[in-house]
Structures are given as structure tokens and as C-alpha cells.
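**Q**
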Amino acid sequence: RGRAVCCALRRRWEVGDGARVMLIYPPGLDFLVAFFGCQYAAVIAVPYYPPIIPASPMPSAGAKKMLADGLAKVVRIYSSCHPELLLSTTMYLRLKWLSSKLL
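Counting the sequence shown from 1 gives a position; this note's numbering is that position plus 791.
1) Contact check, L862 vs I815 under 8 Å by CB: the rounded distance?
2) Check the DSSP bridge columns for I815 and list the partner residues they point to.
3) Would you call the segment 806-814 and the segment 829-843 touching, i.e. three or more CB-CB distances under 8 Å?
4) Tell me whether L893 sits in a helix, a strand or coil according to DSSP, three-state version.
5) In the DSSP assignment, find the unbroken alpha helix (DSSP H) run with S870 in it and report its ends.
6) Given G793, which residues of its chain have a CB within under 7 Å of its CB, disregarding the five upstream and five downstream residues?
7) Please classify V796 as buried or exposed, where buried requires at least 16 neighbouring CB atoms within 10 angstroms.
8) Spatial neighbours of D810 within its chain, please: C-beta separation below 6 Å, excluding the five flanking residues on both sides.
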């Protein structure tokens with residue numbers, strides 16, 4: 792699976808040697824696959840532990856603040872390292888939608 796990520800980085804997304812790729816994954820096998828795929832492709836992996844997504848449809852003020860803080864950190868890291876690509880799980884694809892509704 793790591794080699795499949797490598798091929799996708801190189802062929803589909805045309806990421807070059809030494810480019811930065813931001814990885815937003817919870818700890819686990821998916822993170823390792825993405826990380827080793829970056830290593831195979833000779834790109835720099837910039838890992839970040841994902842922000843906590845509120846489980847409740849009506850989150851508390853504290854949960855909203857934690858999400859806002861986590862998203863702000865993602866933005867700061869993204870703006871400081873300028874990655875060519877951001878890889879994550881499908882669970883975190885809805886962060887943009889969720890953050891626009893909650894914040």
C-alpha cells in the first residue's frame with residue numbers, strides 16, 4: 792500500500808523530489824502507509840495529529856473551541872511549510888464543511 796501511495800504521489804499528483812506533503816492522520820496503519828509512501832517517493836512528510844471533530848450534532852462551546860484551535864494549527868503549519876499536497880482520511884474531508892457550520 793505504501794508503494795501505491797508513492798505511485799499516486801508521483802504519477803497522479805506529480806509531486807517532485809524533496810517536495811513537502813502534509814499528512815493529517817490519527818495514529819495507526821493509515822498514517823504509516825502514507826508516511827512510508829512519502830519516503831518511497833522521496834518527498835518530505837509533514838505529519839500533524841488531526842483536530843478533534845465533535846461527535847455530537849450540537850457540540851458544546853468547548854468542543855467548538857477545540858476544533859477551531861485545531862484548524863488554526865493546521866493553517867499555521869500549512870502556511871509555514873507550504874506543502875504541495877495534503878493527505879488525510881475521508882473522515883477529515885468533511886472538516887471544511889463542519890467548521891463552516893460550527894464556527
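For glycine and all other residues, C-beta sits at the position ideal for the given N, C-alpha and C.
**A** Answer, in terms of the structure:
1) In this structure L862 is not in contact with I815, their Cβ atoms being roughly 11 Å apart against a cut-off of 8 Å.
2) Its beta-bridge partners are Y839 and S879.
3) Contact between the segment 806-814 and the segment 829-843 is present, because at least three Cβ pairs lie under 8 Å.
4) Model confidence at L893 stands at a pLDDT of 45, short of 50, so the residue's coordinates are unreliable; what they give is reported in the following sentence. Here L893 sits in helix by DSSP.
5) From DSSP, the alpha helix (DSSP H) with S870 extends over A852 to C872.
6) These residues qualify, in order along the chain: V824, F827, G828 and Y831.
7) Counting Cβ neighbours within 10 Å, V796 comes out buried, since at least 16 surround it.
8) What sits at residue 810 in the sequence shown is Ala, not Asp. Cβ neighbours of A810 beyond the five flanking positions: V834 and E875.
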